[in-house]
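Enquirer: Be aware that the sequence shown starts at 0, since it is given in numbering that gives the first Met the number 0, and climbs by one per residue.
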Amino acid sequence: MFWQRVRSLPWWAISLSLGVNIISLMAAIFAISQFRDELPVVVVAFLFVHIFVAQPVKDFIISRMGLGARYSTQASFVSFDNRVSRITRLGDVLDFLSWLIRAWRIGRLRLLVFDNEDFIYYFALGKKPRKMRLRDELTDAFRDEIAADKTSRAISSLSTPLKNYMQSRKVKFITPVMFRDRLIGLIGFNDILDRARLPLIDHAAHRIGLALENEQLERTVPRSEFLKKEFKLAERIERHLSGVSHYQAGTFAIQKLDTAWDKKHFAAIFGCTQGSGEQGGAAIYFAMLLRLNVASTRSNALQLFSAQGYFYSLCRNQTNVEGLASAMNRSLVENENGAIVLEGFLVGFHSAENRLRLITFGSHLAYRDQSGWTWIKENGLLGIRGFEPSGAFDLYPGKEVILSMREYPLLMISGGRA
Numbered sequence: 000m001f002w003q004r005v006r007s008l009p010w011w012a013i014s015l016s017l018g019v020n021i022i023s024l025m026a027a028i029f030a031i032s033q034f035r036d037e038l039p040v041v042v043v044a045f046l047f048v049h050i051f052v053a054q055p056v057k058d059f060i061i062s063r064m065g066l067g068a069r070y071s072t073q074a075s076f077v078s079f080d081n082r083v084s085r086i087t088r089l090g091d092v093l094d095f096l097s098w099l100i101r102a103w104r105i106g107r108l109r110l111l112v113f114d115n116e117d118f119i120y121y122f123a124l125g126k127k128p129r130k131m132r133l134r135d136e137l138t139d140a141f142r143d144e145i146a147a148d149k150t151s152r153a154i155s156s157l158s159t160p161l162k163n164y165m166q167s168r169k170v171k172f173i174t175p176v177m178f179r180d181r182l183i184g185l186i187g188f189n190d191i192l193d194r195a196r197l198p199l200i201d202h203a204a205h206r207i208g209l210a211l212e213n214e215q216l217e218r219t220v221p222r223s224e225f226l227k228k229e230f231k232l233a234e235r236i237e238r239h240l241s242g243v244s245h246y247q248a249g250t251f252a253i254q255k256l257d258t259a260w261d262k263k264h265f266a267a268i269f270g271c272t273q274g275s276g277e278q279g280g281a282a283i284y285f286a287m288l289l290r291l292n293v294a295s296t297r298s299n300a301l302q303l304f305s306a307q308g309y310f311y312s313l314c315r316n317q318t319n320v321e322g323l324a325s326a327m328n329r330s331l332v333e334n335e336n337g338a339i340v341l342e343g344f345l346v347g348f349h350s351a352e353n354r355l356r357l358i359t360f361g362s363h364l365a366y367r368d369q370s371g372w373t374w375i376k377e378n379g380l381l382g383i384r385g386f387e388p389s390g391a392f393d394l395y396p397g398k399e400v401i402l403s404m405r406e407y408p409l410l411m412i413s414g415g416r417a
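(1) Does DSSP classify ARG104 as helix, strand or coil?
(2) Check whether the stretch 83 to 90 touches the stretch 161 to 171, counting contact only when three or more Cβ pairs, one atom from each stretch, lie closer than 8 Å.
(3) So, with DSSP's three-state summary, where would you put THR258?
(4) Indicate whether SER403 and TYR366 have their beta-carbon atoms separated by less than 8 Å.
(5) Can you give me the Cβ contacts of ALA74 inside the same chain, cut-off strictly under 6 Å, excluding the 5 residues immediately before and after it?
(6) Pick out whichever of ARG101, PHE392, ALA140 and LEU256 has its Cα sitting closest to the Cα of THR373.
(7) Can the beta-carbon of GLN317 be found closer than 8 Å to that of ILE268?
(8) As a quick exercise: from PHE304, LEU161 and HIS349, pick the residue whose alpha carbon is nearest that of SER275.
(9) State the Cα-Cα distance for the pair LEU345 and THR138, rounded to the nearest angstrom.
(10) Alpha carbon to alpha carbon, how far is LEU122 from ASN213?
(11) Are the stretch 182 to 190 and the stretch 354 to 369 in contact at 8 Å, needing three or more beta carbon pairs?
(12) Among GLU342, MET287, TYR164 and LEU394, whose alpha-carbon lies nearest the alpha-carbon of CYS271?
(13) Taking DSSP as the reference, what is the three-state secondary structure of PRO160?
(14) Kindly indicate which residue of GLU144, ASP117, PHE178 and ARG354 has the alpha-carbon position closest to the one of MET131.
(15) Once the 5 residues before and after PHE141 are set aside, which same chain residues still bring their CB inside 8 Å of it?
(16) Specify the secondary structure class of HIS205 as computed by DSSP and reduced to three states.
(17) Looking only at its own chain, which residues have a Cβ that is under 7 Å from the Cβ of PHE360, when we skip the five neighbours before and after it?
(18) Round the Cβ separation of LEU192 and SER151 to the nearest angstrom and send it over; I've been treating them as touching at under 8 Å.
(19) By how many angstroms is the C-alpha of PHE265 removed from the C-alpha of ILE173?
(20) Distance check for ILE21 and GLY208, CA to CA, integer angstroms please.
(21) What do you get for PHE29, buried or exposed, if any count of 16 or more other CB atoms within 10 angstroms of its CB means buried?
(22) Using alpha carbons as the reference points, say which of LEU124, MET411, PHE113 and ARG129 lies closest to LEU106.
(23) Look at GLY249 and ALA282 and say whether their C-beta atoms are less than 8 Å apart.
(24) Please report how far the alpha carbon of GLY371 lies from the alpha carbon of GLY397, in whole angstroms.
(25) Let me make sure I understand the geometry here. Which of ARG405, GLY385, LEU355 and ALA326 has the alpha-carbon closest to that of GLY414?
(26) With a CB to CB cut of under 7 Å and the five nearest residues on each side skipped, what residues in its chain are close to TYR70?
(27) Could you check the C-alpha separation between GLU333 and GLY347 for me, to the nearest Å?
(28) Inspect the beta-carbon positions of VAL320 and ILE358 and report whether they are closer than 8 Å.
(29) Among the candidates HIS363, LYS376, VAL83 and ILE145, whose CA atom is the shortest distance from the CA of PRO408?
(30) Does ASP135 come out as helix, strand or coil in the three-state DSSP assignment?
(31) Can you give the beta carbon distance from ALA203 to VAL83, rounded, assuming they're within the 8 Å contact cut?
(32) Give the secondary structure of PHE269 by DSSP, where H, G and I count as helix, E and B as strand, and everything else as coil.
(33) In angstroms with no decimal places, state the Cα-to-Cα distance between ARG181 and CYS314.
(34) With which residues is PRO408 paired in a DSSP beta bridge?
Here you go:
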């Protein structure tokens, strides 16, 4: 369509809208100068046209070309990020999507939730969301195709059968909702989203995935009193293993952020100890922030005790974080037979160089330094066969560094030399 071709050229919207206003204003001035004595009704008519017609025409041109939506996105970026950060439950997801169609002027969208019984929420501008059972389920082949690409995309990139399925439901754009590598939901839009908005909606989908998974877990766990006791025991074991909240690692200090630590919904382990030293006699310290990639029951949490033991025993003979990661992975594979699989951070503290050396495992990890938040690309898990310690990187902190796991800021590293 013509409008879609020129919507990437925002100066057209500005030029046309200015032209409409200038022509209307000049016509009003001409009418005032020529007919103010003879025909005052004509003057009033021109002013009426300028005030009540030109402005709506200008707004229509801007909205059709997408400039208004682009300005709206930029103006509400902080509001968008704040809204996303509040998503923790299904109710928050519904509130967020209802706000989204108003803020982005989206006509309609739908949220599919894949659970024991699949259902769908319909959202329309100015209306409350409606919940219905999904009558015609997506086939496994369709779900696998959607899950193969985690990013938002137009349906033109889909296979012909899946594209026809979406077109029959007037869906033009989809955003997969993933938890780890599992498709647990899908957002379908009746409009094509602007390219500038794709990182925002992908970020929101990640948060929505966590909220939906939490909702499903909370509905499942209360069915069994045994599981509730298991989770409580897991929390007690975790608190025992990560009892110390603060360590000194040379010129660096590392501490647990207790507020976020108490709110997280998974078991994790934190520790710090000295390594064998570097060349030249400089001391090196290592820290770990690790979690199991499975649910936190008592038997799982006890596996953290084994991981903690490997960490403290192997650090004594290591001079770099890559060697520590390789040694821990070898011990987990050979001694635990792959039963313990971990994700998170291993950190090496090089005080003499004011340097942190980090290696990461798994996904949903981030850190914040003086440059702001950085999301870390997904890496292999610790404790699997064929693991290679790749992707290690250095940080030279000028101020505090915060390590985040699953959207929770859990550790803060301070000190060093600014």
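Note that beta-carbon positions come from the ideal geometry of N, C-alpha and C, so glycine has one too. Predicted model only: the values in this text are computed from it and were never measured.
Expert: Result, derived from the coordinates:
(1) coil
(2) no
(3) helix
(4) yes
(5) Caution is warranted here: a pLDDT of 46 is assigned to ALA74, below 50, making its placement in the model unreliable, and the coordinate value is therefore given only provisionally. If we look at ALA74 and ignore the five residues flanking it on each side, it has no Cβ neighbours.
(6) Out of ARG101, PHE392, ALA140 and LEU256, PHE392 has the C-alpha closest to the C-alpha of THR373.
(7) Pairing GLN317 with ILE268 gives a Cβ-Cβ distance that is not under 8 Å.
(8) HIS349
(9) Rounded to the nearest whole angstrom, the C-alpha separation of LEU345 and THR138 is 41 Å.
(10) First, the amino acid is wrong: residue 122 is Phe here, not Leu. Going from the Cα of PHE122 to the Cα of ASN213 covers about 22 Å.
(11) no
(12) MET287
(13) helix
(14) ASP117
(15) PRO160, LEU161 and TYR164
(16) helix
(17) LEU341, GLU342, GLY343, ASN378, GLY379, LEU380 and LEU381
(18) 7 Å
(19) 30 Å
(20) Their backbone Cα atoms lie some 49 Å apart in a straight line.
(21) exposed
(22) In the sequence on display, residue 106 carries Gly and not Leu. For GLY106, the closest alpha carbon among the candidates LEU124, MET411, PHE113 and ARG129 is that of LEU124.
(23) yes
(24) Our two residues, GLY371 and GLY397, have alpha carbons roughly 12 Å apart in a direct line.
(25) LEU355
(26) Because TYR70 sits at a pLDDT of 47, beneath the cut-off of 50, its placement in the model cannot be relied upon, and the following sentence gives the value as read from the coordinates. There are no such residues.
(27) 24 Å
(28) yes
(29) HIS363
(30) coil
(31) That pair is a contact at about 5 Å.
(32) strand
(33) ARG181 and CYS314 have their C-alpha atoms some 35 Å from each other.
(34) SER403
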